[in-house]
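Numbering (full-length UniProt numbering) for the sequence shown: 1 to 766. For each residue, glycine too, the CB sits at the ideal point set by N, CA and C.
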Amino acid sequence: MTISVSSLVWPHLPSPYLLPVFLVIAWLTTRYSKNALFFCKLNVSAMICITSTLFAIVWMASVGHWRVNWQLSEQDIRQIKQVTGSIETIVSDLENTKFNLVISSINGKTSYTQPRVRLNWKLPAWPLKQGQRVNLSVKLKPVHGLANDGGFNYQKWLISNNIVATGYVLNDSAELQENNVTVRQRLIDKFKSIELRHSSWIAAMTFGDRSGLTQQNWQMMQTTGVAHLVAISGLHLGVVASLCYFIFTQLLRLFGRIVTLPQRVNYQYISLLITLIATFFYAYIAGFSLPTLRAWIMLTLWALMLFSKRYITFKWFIILNMFIFILIQPMSLLSASFWLSFGAIAFIAVVSWLWPVNVADIQSHRVLNRSIQVSKSIIRLQLMLSLLMLPVVAVYFSMVSVSSPIVNVIAVPVVTLIIVPLCLLGCFSLLFSQNWAAWFFSWVDRLLDFCLIGLHYFQQLSWSRFELPGMPIIVWFSVFIATIAVFVPLNRRIKLTAIIGLLPFLSYFLPSQSTSWKLHVLDVGQGLSVLVEQDGRALLYDTGAAFPSRFNMSEAVILPLLKHENINQLDWMVISHFDNDHAGGLPQLLSGINVGAFLSNQDMCHNQLVIKWEKLTIRGLWPEIDHRGKGNDFSCVLQISDGIQSVILPGDISKYVEKRLVTELGNKLNTDILVAAHHGSDTSSLDSFIQATSPQYAIFSQGYLNRWDFPKQQVVNRFVNQKVELMSTAQSGQITFTFSRNGKPIKVSRFRQDPMQSWFSRYLWP
1 MTISVSSLVW PHLPSPYLLP VFLVIAWLTT RYSKNALFFC KLNVSAMICI TSTLFAIVWM
61 ASVGHWRVNW QLSEQDIRQI KQVTGSIETI VSDLENTKFN LVISSINGKT SYTQPRVRLN
121 WKLPAWPLKQ GQRVNLSVKL KPVHGLANDG GFNYQKWLIS NNIVATGYVL NDSAELQENN
181 VTVRQRLIDK FKSIELRHSS WIAAMTFGDR SGLTQQNWQM MQTTGVAHLV AISGLHLGVV
241 ASLCYFIFTQ LLRLFGRIVT LPQRVNYQYI SLLITLIATF FYAYIAGFSL PTLRAWIMLT
301 LWALMLFSKR YITFKWFIIL NMFIFILIQP MSLLSASFWL SFGAIAFIAV VSWLWPVNVA
361 DIQSHRVLNR SIQVSKSIIR LQLMLSLLML PVVAVYFSMV SVSSPIVNVI AVPVVTLIIV
421 PLCLLGCFSL LFSQNWAAWF FSWVDRLLDF CLIGLHYFQQ LSWSRFELPG MPIIVWFSVF
481 IATIAVFVPL NRRIKLTAII GLLPFLSYFL PSQSTSWKLH VLDVGQGLSV LVEQDGRALL
541 YDTGAAFPSR FNMSEAVILP LLKHENINQL DWMVISHFDN DHAGGLPQLL SGINVGAFLS
601 NQDMCHNQLV IKWEKLTIRG LWPEIDHRGK GNDFSCVLQI SDGIQSVILP GDISKYVEKR
661 LVTELGNKLN TDILVAAHHG SDTSSLDSFI QATSPQYAIF SQGYLNRWDF PKQQVVNRFV
721 NQKVELMSTA QSGQITFTFS RNGKPIKVSR FRQDPMQSWF SRYLWP
């Protein structure tokens, strides 16, 4: 287990030639562990430890090499390929349909590994359904995502879901070979024909289809801490298993009274077997999501223990469950759901151990005593679970839902005891009666009216959520250790030592005055956004793009980064010009954070502008004060300096403007950092401009494999000829420059080239 988890931080994969050697050593250890000629005599524990370690290394390394070997070569990227496969999951059903395809052949050659790819198809030739076998012309590229501090790591999410490439479908020669629609898809289609106010919520809780939930829905769930009730997980599967076991046990007993059965027939075993089959079908209906699969494996292990009458402790039960799950889904170690689900189970066990339930009170004939004891246990469990999960939640979400314990005490019983059973009955009814299904789902719809009103109320409370400062994982791990030490019955000295050891980390919560300032060039794809930060204050230059799908760089990149950097307000918001790739995310940004002052090429920004901002000076270089417009050549060009080191942000100006600036300013353009104009287009970056600015670093802010092929090679050559060090957000992700006001060398950090990155970052980054 430990070795499997440690594979997340391996800097490199072990050589494939070493793996057979490890297997031989493991076999020899097992075969001759008692033979002194080969080994010092090993006890059973040592033998198990050595062999399991070697097998874990071999397994995780083999999985890693498989993923690396399937990566597209440079010659194959964006080349048209004819692929045949089965549609596995339809992620969204909008104008641009996204779906996962399990490939069985590529260009006519059978693919025995059957890789999974995620494809985008604009205006598909027919309605796509799960289970259809298709032959498509596609262009593929390696898995890739935006890479910024505090932002969602889309690439890691793709890897954790075993997706090895992404791409899009060309409408040419698309062919539907087999229309074998799955049972799950047929049920979803029938469900969609029922008119419901909250169909997206019901689809999420019934079929695991969360594509209909909006960003506002997710924010409300995160604020109130009920996302786990919407994602089909162990809680839902437990309800299904309990209902099935109870119903089938009662039916079998009734059947046994009517028909004489042999005494050897064990009703419990038969009911348990039927329950396993029923829950497997439910997991299939839910799309075999990772939480659902984990819960079903746990249920199966528990059933096997009952069948075999061989029992293990709860600790080893959890470890064995994790072992099997990692064996089946090794890359799930990268997903948040793995750590949240197993962490919750472990912490529930800890709470149950520290505060065992008084069985006598629960079995009491007095309803009042029984109710009080059960209520106390539920409330204590919810409060302690929220506290113990704090470090894990902080690492993934950077916030804590203060209202979560209160909301969950009410929501968990309502969802598990009423809503989920009604959803199950509705789903089952879809198999034979649309009217019955509509009746069950209509009751769920009514209940959700009240539930969503309550969630919205708690979301609006000022104290409902608490934003956490961005801190390293080691800090949150220390908080976790200290929390455990406080509540676990340990020696007082150990408790005191743990609390004292936590004190140095409190400095992260205190305001600090720094002698340095930072420039963050954000990875916003084909666009631009630059954050300048000093002493907790910030200036933002451009916001990146927004898209018709409602995805925008402000909510995806900028606001999470500001939260990560503990910035609650922007002193200055600067828009170079109002093209979508530079200003598309402005509305979302303005609604997400307070802005002190606004500056743009159409308002205040001109070549006579000088602003003293704290210890930095902002100078406008372009446009001319009496010459305004809306095109690229009217971009707001700024130079930001601390008196020793400086940065130039040129927007999308062309060679014409660059030539004017060189003529008018000459050596005054000299700078340390230059963000290349127009993302590296050949319409910009004159030799004379590069020579006049004489930057130490030049940054191209461009999308990965963008259709304009930026930066152009001739532009790259001009910078290289001037001996300028080049960087690209597509390759490096977020690039951060730290300037010291005492003239020390500029410190550069790149998100993807961090020395702490693991093997999958090094091998799978393009």
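By the C-beta criterion, the region 733 to 748 is judged not to be in contact with the region 152 to 162, since fewer than 3 inter-stretch pairs fall below 8 Å. Assignment of residue 209 by DSSP, reduced to helix, strand and coil, places it in the coil class.
At a Cβ-Cβ threshold of 7 Å, residue 705 and residue 150 do not count as neighbours. When the alpha-carbon of residue 721 is set against those of 690, 741, 203, 730, the nearest one is in 690. The C-beta separation of residue 407 from residue 524 comes to about 34 Å, leaving the pair out of contact by the 8 Å criterion.
DSSP places residue 620 in no alpha helix (DSSP H) but in the uninterrupted beta strand (DSSP E) bounded by 616 to 622. With a threshold of 16 other beta carbon atoms within 10 Å, residue 556 meets it and is buried. Per the coordinates, the alpha-carbon of residue 83 lies some 28 Å from the alpha-carbon of residue 208.
In this structure, the CA atom of residue 401 is about 42 Å from the CA atom of residue 707. Under the three-pair Cβ rule at 8 Å, the region 230 to 250 does not count as touching the region 427 to 441. From the listed residues 320, 313, 307, the smallest Cα separation to residue 295 is found for 320. Distances from the CA of residue 107 to each of 127, 138, 297 were compared; the closest alpha carbon is that of 138. In summary, residue 652 is buried, with 16 or more beta-carbon neighbours lying within 10 Å of its beta-carbon over all protein chains present. In the three-state reduction of the DSSP assignment, residue 389 falls in the coil class, being assigned neither a helical nor a strand state. Beta-bridge annotation (DSSP): residue 541 is paired with 530, 574. Per DSSP, residue 321 is one residue of the alpha helix (DSSP H) stretching across 314 to 328. Secondary structure of residue 402 (DSSP, three-state): coil.
Of 353, 532, 534, 587, the smallest CA-CA separation from residue 550 is found for 587.
One thing to note: residue 622 has its Cβ within 7 Å of the Cβ of residue 607. Residue 170 has 137 as its beta-bridge partners, per DSSP. Residue environment for residue 548: exposed (fewer than 16 other C-beta atoms within 10 angstroms of its C-beta). In terms of CA proximity to residue 716, 686 leads the group 693, 686, 703.
Annotated three-state conformation of residue 347 is helix, per DSSP.
By the C-beta density criterion, residue 591 is exposed, having fewer than 16 other C-beta atoms within 10 angstroms. Per DSSP, the beta-bridge partners of residue 465 are 401. Just measuring C-alpha positions, the residue of 335, 313, 329, 332 sitting nearest residue 346 is 313. The region 645 to 664 makes no contact with the region 697 to 704: fewer than 3 CB pairs, one atom from each, lie closer than 8 Å.
In the three-state DSSP reduction, residue 606 falls in the coil class, being neither helix nor strand.
One thing to note: residue 695 has its Cβ no nearer than 7 Å to the Cβ of residue 729.
Taken in chain order, the unbroken stretches of beta strand (DSSP E) that lie wholly in the region 634 to 673 and span 3 residues or more are 637 to 641, 646 to 649. When the five nearest sequence neighbours on each side are left out, the beta carbons in the same chain lying within less than 6 Å of the beta carbon of residue 533 are those of 518, in order along the chain. DSSP lists 697 as the beta-bridge partner residues of residue 725. In this structure, 86 is the residue among 466, 86, 412 with its C-alpha nearest to the C-alpha of residue 180.
Between residue 736 and the set 683, 530, 479, the nearest pair of CA atoms involves 530. Residue 450 counts as exposed, since fewer than 16 other beta carbons sit within 10 angstroms of its beta carbon.
Counting only residues of its own chain and dropping the five nearest sequence neighbours on each side, residue 727 has a CB closer than 6 Å to the CB of 699, 735.
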